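Colleague: Below you'll find the structure I mean.
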């Protein structure tokens, strides 16, 4: 399956692009964004200052600078308000716009974090399930390898259970078709 859920620091991924979840100013403020900016080096800060702002649910691309990834796709996700303020629409847009950029640039591999699951408060289990659904649907029409990087043990354990359920569903519904 061209989607793998792995427990890994996204800044260590050797892929065409990693996705950085950031704010509209595209500065390394906390969590994944801070780690990406620190690992990529000061040139990323300068580049982001030139192309900011970043609209909510949109995506922009920068070089990877000092990362193993060649490029960084930046996206700005929603703050969690209990799911009552269109968060899922914005979150879906983050994943899809990032994937569309990957296709536009001809990437074979891309790695995502769990967008908005840090300081923005989106529940990790909800983001993980949602991301898997959106990415899987996208991969039905596009060929690339997608990694979902989870950092903590609890999210990884949940991801293994979710991934096994999806694999069983695919085996039951599509293998014999």
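Numbering (this note's numbering), first residue to last: 70 to 246.
C-beta atoms are modelled at their ideal positions from N, C-alpha and C, and glycine is treated no differently.
Only a predicted model underlies this, so the values are computations on that prediction, with no experimental measurement involved.
1) Can you tell me where the alpha helix (DSSP H) with residue 164 in it begins and where it stops?
2) Once DSSP output is grouped into helix, strand and coil, what is the label at residue 76?
3) Please classify residue 75: is it buried, with 16 or more other beta-carbons within 10 angstroms of its beta-carbon, or exposed?
4) Quick check on the burial criterion: 16 or more other C-beta atoms within 10 angstroms. Buried or exposed for residue 126?
5) With DSSP as the reference, label residue 196 as helix, strand or coil.
6) Using the Cβ count rule (16 or more neighbours within 10 Å means buried), how would you classify residue 85?
7) Would you report the Cα separation of residue 140 and residue 131, rounded to the nearest angstrom?
8) Distance, Cα to Cα, residue 93 vs residue 122?
9) Work out the CA separation of residue 216 and residue 169 for me, nearest whole Å.
10) What does DSSP give as the partner residue(s) for residue 131 in the beta ladder?
11) Which stretch, first to last residue, makes up the alpha helix (DSSP H) that contains residue 209?
12) Can you give me the C-alpha to C-alpha distance between residue 149 and residue 174, rounded to a whole angstrom?
Modeller: On the basis of the coordinates in this document:
1) 156–173
2) strand
3) exposed
4) buried
5) helix
6) buried
7) 6 Å
8) 5 Å
9) 15 Å
10) 141
11) Where residue 209 is concerned, there is no enclosing alpha helix (DSSP H), given that its DSSP letter is neither H nor E.
12) 31 Å
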